[in-house]
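See structure below.
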Amino acid sequence: MHSIFNLFSDNTTVFHTFQNNIKRLEVKRMNNMKHHPAAWLIRKIMKKPEITGLDNIASGVPAFFVSNHVGYYAPVKLLVFTDLKLIPWVAHELTERKYCRRYLKTAFFETALNLKSPLSTIAAALISPACVAIMRYIGAIPVFRKSRSIILTIDMTVKNLEKGNNILVFPEISGQPLNDVICRFDSGFINLARVYYEQTNKNMVFYPVCVNRTTNRISIGSRITFDPDKKFHSEKQRIIEGLTGSITAMYDSK
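Each residue of the sequence shown is one higher than the one before, counting from 1 in the UniProt record's numbering.
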């Protein structure tokens with residue numbers, strides 16, 4: 001298999017920069033969040049959810065699990081209460097100490113929780129070391145949006161899939177509602193299906209995941225498989241519509 005870095009083999013400086021960054025960010029061993037000390041506390045605070053649709057999952061076939069976000073709620077529920085070997089995509093700031101504090105202050109404590117400074121500053125300072133440690137513990141994949149460093153995300157994702165791990169993504173675009181249930185999806189993650197096929201000759205599988213906070217239920221829908229023989233633009237649209245439609249339907253089901 002040719003590494004995604006081969007795309008940059010004609011530029012030695014860029015090639016070595018990417019290699020060094022991969023070594024810095026890549027986690028050697030993925031650990032299950034369920035075994036982290038923080039998970040014990042979470043299980044004491046949060047009720048175990050009902051999980052449906054596990055029979056939809058094909059054994060031994062690594063896949064993308066695509067979920068609605070529900071703030072912090074869906075990531076915590078999926079990583080602590082399921083046994084799906086999930087490696088989450090996360091904002092790269094959450095994996096690096098020098099960026100995490102500021103990111104948590106603005107994106108989480110101030111935007112999501114409506115805390116004001118200095119409380120948001122203090123909270124971010126207290127939480128950021130643990131956040132980075134947990135992200136590294138579970139092998140979270142940093143996502144570098146609108147940057148050439150996205151190649152790191154691609155390479156780490158393909159390597160994890162080849163190891164048999166599943167990828168967990170939350171592609172909703174905040175502030176762009178699709179319906180009463182979810183926001184519109186950023187479709188960039190589907191590009192990995194084409195890369196994965198080119199490198200492994202295997203078709204990527206996507207599972208829609210619906211996390212319903214009201215009913216405390218996680219629902220996993222039927223798989224959607226990438227078809228490399230179709231025009232990519234139309235295939236991407238088909239997958240997005242299938243995922244969003246399934247998540248919406250599962251949310252509305254009783």
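Quick reminder that beta carbons are idealized off the backbone N, C-alpha and C, glycines included. Quantities reported herein were computed from a predicted structural model and do not represent experimental measurements.
For the structure I just gave you, are there three or more beta carbon pairs, one from the region 208–224 and one from the region 106–121, closer than 8 Å? no
Counting only the same chain and skipping the five closest in sequence on each side, list residues whose C-beta sits under 7 Å from that of Lys105. Ser120, Thr121 and Ala124
Mind reading off the beta-carbon distance from Leu154 to Leu192? Whole number of angstroms is fine, and I expect it under 8 Å. Leu is not the amino acid found at residue 154; the sequence shown has Ile there. 6 Å between Cβ atoms; contact.
Report the partner residues of Pro142 according to the DSSP bridge assignment. Val90
Please report the straight-line C-alpha distance between Phe81 and Pro129, rounded to a whole angstrom. 23 Å
Below 8 Å CB to CB, which residues in the same chain sit around Arg101 once its five sequence neighbours on both sides are set aside? Ala124, Ala125 and Ser128
For Thr225, which residues does DSSP report across the bridge? Val205
If you draw a straight line from the alpha carbon of Arg145 to that of Asp55, how long is it in whole angstroms? 34 Å
Once the 5 residues before and after Phe170 are set aside, which same chain residues still bring their CB inside 6 Å of it? Ser67 and His69
How many angstroms separate the CA atom of Ala249 from the CA atom of Leu178? 13 Å
Where do the N-terminal and C-terminal ends of the beta strand (DSSP E) with Gly175 fall, by residue? Glu172 to Pro177
Is Thr52 helix, strand or coil by DSSP? strand
Quick one: give me the first and last residue of the beta strand (DSSP E) that Asn160 is part of. Unbroken run through Asn160 is the alpha helix (DSSP H), Ile150 to Glu162; no beta strand (DSSP E).
Taking the C-alpha atoms as reference points, what is the distance between residue 256 and Phe206? Here the chain covers residues 1 to 254 and nothing more, so residue 256 does not appear.
Roughly how many angstroms lie between the CA atoms of Lys44 and His35, to the nearest whole one? 14 Å
For Arg184 and Gln199, the rounded distance between their alpha carbons: 29 Å
Here's the rule I'm using: 16 or more other beta-carbon atoms within 10 Å means buried, otherwise exposed. How should Asn6 be labelled? Bear in mind that a pLDDT of 42 at Asn6, under 50, signals an unreliable position, so the number given afterwards is only what the model happens to contain. Result: exposed.
Asn165 classed as buried or exposed, judged by whether at least 16 other C-beta atoms fall within 10 angstroms: buried
Give the straight-line distance between the Cα atoms of Leu243 and Lys231, rounded to the nearest whole angstrom. 18 Å
In three-state terms, what does DSSP make of Leu84? coil
CA-CA distance, Thr111 and Asp229? 42 Å
Could you check which residue in Leu168, Met156 and Ile220 has the C-alpha nearest to that of Val195? Met156
Among Gln237, Cys210, His92 and Tyr137, which has the Cα closest to the Cα of Thr52? Cys210
Cβ shell of Lys48 (< 7 Å), same chain only, five flanking positions each side left out: Phe81
Give me the Cα-Cα distance between Glu235 and Pro208, rounded to the nearest whole angstrom. 16 Å
Three-state secondary structure assigned by DSSP to Asn212: strand
Can you give me the C-alpha to C-alpha distance between Gly245 and Arg148, rounded to a whole angstrom? 32 Å
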